[in-house]
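Engineer:
Numbering (UniProt numbering), first residue to last: 1 to 257.
(1) When you compare only the Cα positions, how much space is there between residue 216 and residue 73?
(2) Kindly indicate which residue of 213, 211, 195, 221 has the alpha-carbon position closest to the one of residue 234.
(3) For residue 143 versus residue 93, is the C-beta spacing smaller than 9 Å?
(4) Between which residues of its own chain and residue 219 is the CB-CB distance below 7 Å, once the five residues before and five after are set aside?
(5) When DSSP labels each residue in this structure, what does residue 115 get in the three-state scheme?
(6) Who are the near neighbours of residue 129 in its chain, counting only those whose CB is closer than 8 Å to its CB and skipping five residues on each side?
(7) Should residue 189 go down as buried or exposed, given a rule of 16 or more other Cβ atoms within 10 Å for buried?
(8) If you compare alpha carbons, which of 132, 166, 103, 97 is closest to residue 12?
(9) Report the partner residues of residue 143 according to the DSSP bridge assignment.
(10) Can you tell me which of the three DSSP states residue 7 falls into?
(11) With a 10 Å radius around its C-beta and 16 neighbouring C-beta atoms as the bar for buried, classify residue 26 as buried or exposed.
(12) Decide if residue 101 is buried, meaning its Cβ has at least 16 other Cβ atoms within 10 Å, or exposed.
(13) Among residues of its own chain, excluding the 5 on either side of residue 230, which ones have a beta-carbon nearer than 6 Å to its beta-carbon?
(14) Quick one: what does DSSP say residue 204 is sitting in, helix, strand or coil?
(15) For residue 152, tell me which candidate among 197, 167, 181, 66 has the shortest Cα-Cα distance.
(16) Within the continuous alpha helix (DSSP H) that includes residue 32, where are the two ends?
(17) What residue range is occupied by the uninterrupted alpha helix (DSSP H) comprising residue 229?
(18) Are the beta-carbon atoms belonging to residue 39 and residue 198 less than 9 Å from one another?
(19) Would you kindly check if the distance between the Cβ of residue 107 and the Cβ of residue 232 is under 9 Å?
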């Protein structure tokens, strides 16, 4: 019964927040802080899940300016947990098909997020240029999930290089954002689902001169994030699932180049 009530409340909250955000966007469409303000309220929905979300941001990177944030992408609950960490002046990059989702899709587009067509590789490559230009011209930060999909308990998946190429082209740092494990830790029928920690790591500096090193920098950053995510998961008492099929991981790494 508790699960049914939670699903209804989360759905109503998502619709209500989306409608309020759409109204805000009609007043100031595509404003640089629309995503931040909407995300702030989406992040509060985690309380309906019975989940406490703690965000840790070192003073050294607060107000750092335009950057590319990269975060691990775990499951569908991310929409109510990760937004708590979204900073002012930040937009995300999402699938073009998202705009057809009632209420949420229109909100996602009007708040100024960048929509891409993942099925078209040429357009996807152009997106890197377009995103880099927006970062430079509008002084925006961009939030990306370098795994390219939700992991659903498969551990931290291999990273694609798009976020790193975008940062190098825009000549801005990468800020890794690590979220503790939530796979199979949330039970909608359980009142208290514990704690989730989201922590920002020191910036990874890139430049156009690093073009030939992008893959190695990407892999190194993933390794650093995996260490931190494991630590945070142990702190919350939720061990991070590990990818045990090495051949499968190598294949995914090859495909993500």
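Heads up, the beta-carbon is just placed ideally off N, CA and C, and yes, glycines get one too.
The structure displayed is predicted, hence computed values, not measured ones.
Structural biologist: Per the coordinate set shown:
(1) What you label residue 216 is simply residue 216 of the chain shown in a count that begins at 1. What you label residue 73 is simply residue 73 of the chain shown in a count that begins at 1. Taking the straight line joining both Cα atoms gives about 21 Å.
(2) Along the chain shown, read from residue 1 onward, the residue named residue 234 stands at position 234. Selected option, being the one with the closest Cα: 195.
(3) Translated into positions along the chain shown, residue 143 becomes position 143. Translated into positions along the chain shown, residue 93 becomes position 93. With respect to residue 93, residue 143 sits close: the two C-beta atoms are nearer than 9 Å.
(4) What you label residue 219 is simply residue 219 of the chain shown in a count that begins at 1. Within the same chain, residue 219 has no close Cβ partners at all.
(5) Translated into positions along the chain shown, residue 115 becomes position 115. Residue 115: strand per DSSP, three-state reduction.
(6) For the purposes of this step, residue 129 is taken as the residue at position 129 of the chain shown. If you ignore the 5 residues before and after residue 129, its C-beta comes within less than 8 Å of the C-beta of 169, all in its own chain and listed in chain order.
(7) What you label residue 189 is simply residue 189 of the chain shown in a count that begins at 1. It counts as exposed.
(8) Sequence index remark: in the chain shown, residue 12 carries index 12 (1-based). Sorting 132, 166, 103, 97 by C-alpha distance to the C-alpha of residue 12 places 103 at the top.
(9) For the purposes of this step, residue 143 is identified with residue 143 of the chain shown, where counting begins at 1. Paired residues: 69, 92.
(10) Against the chain shown, residue 7 aligns to sequence position 7. Correct three-state label for residue 7: helix.
(11) On the chain shown, position 26 is the one that residue 26 refers to. Exposed is the call here.
(12) As a working note, residue 101 is residue 101 in the chain shown. Exposed, since its Cβ has fewer than 16 Cβ neighbours within 10 Å.
(13) Taking the first residue of the chain shown as position 1, residue 230 is located at position 230. So the list reads 240, once near-sequence residues are dropped.
(14) The sequence position of residue 204 within the chain shown is 204, counting from 1. Strand, per DSSP.
(15) In the chain shown, the residue the question calls residue 152 occupies position 152. For residue 152, the closest alpha carbon among the candidates 197, 167, 181, 66 is that of 181.
(16) As a working note, residue 32 is residue 32 in the chain shown. Neither: residue 32 is in no alpha helix (DSSP H) and is coded neither H nor E.
(17) In the chain shown, residue 229 corresponds to position 229, counting from 1. First-last of the alpha helix (DSSP H) with residue 229: 214-236.
(18) Walking along the chain shown from the start, residue 39 turns up at place 39. Walking along the chain shown from the start, residue 198 turns up at place 198. Against a cut-off of 9 Å, the Cβ pair of residue 198 and residue 39 comes out as no contact.
(19) Locating residue 232 in the chain shown gives position 232, counting from the first residue. Locating residue 107 in the chain shown gives position 107, counting from the first residue. Taking 9 Å as the Cβ cut-off, residue 232 and residue 107 do not qualify as a contacting pair.
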